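K.L.:
End of the sequence shown sits at 784 in this note's numbering; the numbers just go up one at a time, nothing left out. Here it is: the structure, laid out below.
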Amino acid sequence: MATSDKPILLDVNGLSVSFATDRGPVQAVRDVSFRVHEGEILSIVGESGSGKSVTLLSLLGLHDAKTARVDGAVSFKGKPILDLPASQMRSIRGKEIGLISQDPMTALTPVYTIGWQIAEQIRAHENISARAARLRAVELLGEVGLSNPGEAVDRYPHQLSGGMRQRAVIAMALSCNPALLVADEPTTALDVTVQAQVLDLLLRLRKDFGSAIILITHDMGVVAEVAEHVAVMYAGRIVERGDTDDVFARPLHPYTWGLMASIPPLTGTRLEKLRSIPGMPPTPDMIGKGCGFAPRCDFARSACAERPPLQRAGDQSALCVLDDEERPALRQAALPIEEMA
Ligand SMILES: Nc1ncnc2c1ncn2[C@@H]1O[C@H](COP(=O)(O)OP(=O)(O)O)[C@@H](O)[C@H]1O
Ligand SMILES: [Mg+2]
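The structure is reproduced here in structure tokens:
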């Protein structure tokens, strides 16, 4: 059965997040909606500063309640979670939703062994003995591919390599068999070979544990490798989304074209040189009601100063003024997809 026929696990509707700052409120996330079905892998991709982390942290209740204002509706397993008391939200995190952050050192405490930390995490949610929790920690470390887990369990974080630490964090996130794993750039701090191993691990975990995964990345190559569905984020908005195969075959948004053109070639026969999108993403205070990408877009026009219309192609959609008539030729000029095949 296709994952989109499975029940909806997480349903995000019109999520907006703004921060109170010295210069007034800045809106970092604008009217973001997406769904994750059981067992599916959704990737949220975009350059740094596009609002990916703020989106995920705020829906998990991990934003700074003093400065952030969160609007919209989020339900997990059919129940609204945005207004839950902190204690209930904490119990959902770790038990039903596991979080894997970019920097494994922030998730681990330097002064305790990784085995102790995983066991504590288990015991915070499950009523089992310290001994049983430790055995489970050893098992989990084996499952995430640490060699000799019986010995690794007594190591301190600094005694492990970056890749091993990230595996330990993944083991911790998995410790309660969560229905949803949220991984925020889990491979960014790792070198390329270890990156590939961690992505393989996530795919295997989905297979073995059936967890759905939200994978945040700035790397379109990572999306192509693991995700079934993709949401492209820019300047606080989801500017394009759809099945990964569709988005890669026929990307609708010029920003997606730019991200795709910046994927490193697998062979010398692809694009001659790696392109990157000229210019910088805007900070939230620079974005008005129009398209946030317009200042960097080769195809921008006066209509882009207004809120961009939603274009649809089956299950795929994009926020852009370009229509079906003119898009193919422009895309072919910006991103010669056939040549890349
Ligand atoms: N606590 C905060 N106060 C003010 N602005 C913030 C805060 N946290 C994040 N931002 C801003 O929100 C924007 C989106 O940030 P973030 O979600 O971390 O981007 P990404 O994860 O896509 O790199 C950035 O411009 C960032 O500066
Ligand atoms: Mg981030």
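Quick reminder that beta carbons are idealized off the backbone N, C-alpha and C, glycines included. Quick caveat: nothing in here was measured; it's all calculated off a predicted structure.
Just how far apart, CA to CA, sit Asp-767 and Gln-754?
P.N.:
8 Å
K.L.:
Which value, in whole angstroms, describes the spacing of the CA atoms of Thr-726 and Ala-743?
P.N.:
Answer to the nearest angstrom: the Cα atoms are 19 Å apart.
K.L.:
May I ask whether a heavy atom of ligand 2 can be found less than 7 Å away from the beta carbon of Glu-490?
P.N.:
no
K.L.:
How should Ala-614 be labelled, buried or exposed, when 16 other C-beta atoms within 10 angstroms of its C-beta is the threshold for buried?
P.N.:
Burial check for Ala-614: the Cβ neighbour count within 10 Å reaches 16 or more, so the residue is buried.
K.L.:
CA-CA distance, Gly-482 and Ala-622?
P.N.:
Going from the Cα of Gly-482 to the Cα of Ala-622 covers about 8 Å.
K.L.:
Please find out if some non-hydrogen atom of ligand 1 comes closer than 7 Å to the beta-carbon of Gly-494.
P.N.:
yes
K.L.:
Assuming Gly-606 and Leu-583 are in contact, meaning their beta carbons sit under 8 Å apart, how far apart are those beta carbons, in whole angstroms?
P.N.:
That belief does not hold up - the Cβ atoms of Gly-606 and Leu-583 are roughly 16 Å apart, past 8 Å.
K.L.:
Here's the rule I'm using: 16 or more other beta-carbon atoms within 10 Å means buried, otherwise exposed. How should Val-554 be labelled?
P.N.:
exposed
K.L.:
Report the CB separation of Ala-595 from Ile-557 in whole angstroms; it is logged as a contact under 8 Å.
P.N.:
7 Å
K.L.:
Please state if the CB of Val-675 and the CB of Glu-668 are separated by a distance shorter than 8 Å.
P.N.:
no
K.L.:
Tell me the DSSP secondary structure of Ala-611 in three-state form.
P.N.:
helix
K.L.:
What's the C-alpha gap between Val-794 and Thr-636?
P.N.:
Because the chain in this structure spans residues 444 to 784, residue 794 falls outside the shown range and cannot be described.
K.L.:
Who are Arg-680's beta bridge partners in DSSP?
P.N.:
Tyr-677
K.L.:
For Ala-511 versus Ser-501, is the C-beta distance shorter than 8 Å?
P.N.:
yes
K.L.:
Among residues of its own chain, excluding the 5 on either side of Ala-616, which ones have a beta-carbon nearer than 7 Å to its beta-carbon?
P.N.:
Gly-541, Leu-542, Ile-543 and Leu-624
K.L.:
Kindly indicate the opening and closing residues of the alpha helix (DSSP H) around Ile-524.
P.N.:
Per DSSP, Ile-524 belongs to no alpha helix (DSSP H) and is neither H nor E.
K.L.:
Taking the C-alpha atoms as reference points, what is the distance between Ala-580 and Arg-566?
P.N.:
11 Å
K.L.:
So, Ala-678 versus Pro-724, is the Cβ gap smaller than 8 Å?
P.N.:
yes
K.L.:
Is any heavy atom in ligand 2 found nearer than 7 Å to the beta carbon of Asp-507?
P.N.:
no
K.L.:
Taking the alpha-carbon positions, what's the Arg-649 to Val-612 distance?
P.N.:
16 Å
K.L.:
Under 8 Å Cβ to Cβ from Thr-552, same chain only, skipping five residues before and after it: list those, please.
P.N.:
Gln-560 and Pro-600
K.L.:
Leaving aside the five residues before and after Glu-539 along the sequence, list all residues of the same chain whose C-beta is less than 6 Å from its C-beta, in chain order.
P.N.:
Pro-621 and Ala-622
K.L.:
Measuring from the CB of Ala-471, is there a heavy atom of ligand 1 at a distance below 7 Å?
P.N.:
yes
K.L.:
Using a Cβ-Cβ cut-off of 6 Å (strictly less than) and excluding sequence neighbours within five positions of Leu-485, which residues of its own chain qualify?
P.N.:
Val-479, Ile-657 and His-672
K.L.:
Apply the 10 Å Cβ neighbour rule to Lys-495 and answer buried if 16 or more other Cβ atoms are within range, or exposed otherwise.
P.N.:
buried
K.L.:
At the level of alpha carbons, what is the spacing between Asp-686 and Ser-760?
P.N.:
10 Å
K.L.:
Can you tell which of Ser-459, Asp-758, Arg-574 and Ser-476 has the C-alpha that lies nearest to the C-alpha of Val-469?
P.N.:
Ser-459
K.L.:
Taking the C-alpha atoms as reference points, what is the distance between Asp-662 and Ser-719?
P.N.:
About 12 Å.
K.L.:
So, at 6 Å on beta carbons, what are the nonlocal neighbours of Val-513 in its own chain, with the 5 sequence-adjacent residues on each side left out?
P.N.:
Val-460 and Ser-501
K.L.:
If you count every other CB in all the chains shown that lies within 10 Å of the CB of Thr-699, and 16 or more means buried, which is it?
P.N.:
Around the C-beta of Thr-699, 16 or more other C-beta atoms lie within 10 Å, and the residue is accordingly described as buried.
K.L.:
Identify, in the order they occur along the chain, each residue of the same chain with its Cβ nearer than 7 Å to the Cβ of Thr-660, setting aside the five sequence neighbours on each side.
P.N.:
Ser-486, Val-488, Glu-628 and Val-666
K.L.:
Grab the span of the beta strand (DSSP E) containing Asp-454 for me, first residue to last.
P.N.:
451-464
K.L.:
According to DSSP, what are the bridge partners of Gln-564?
P.N.:
Per DSSP, none; premise fails for Gln-564.
K.L.:
Is it right to say Ala-692 is buried, meaning 16 or more other beta carbons lie within 10 angstroms of its own, or is it exposed?
P.N.:
exposed
K.L.:
Does the distance between the C-beta of Phe-462 and the nearest non-hydrogen atom of ligand 1 fall short of 7 Å?
P.N.:
At least one heavy atom of ligand 1 falls within 7 Å of the beta-carbon of Phe-462.
K.L.:
Taking the C-alpha atoms as reference points, what is the distance between Leu-646 and Arg-739?
P.N.:
Between Leu-646 and Arg-739, the C-alpha separation is close to 35 Å.
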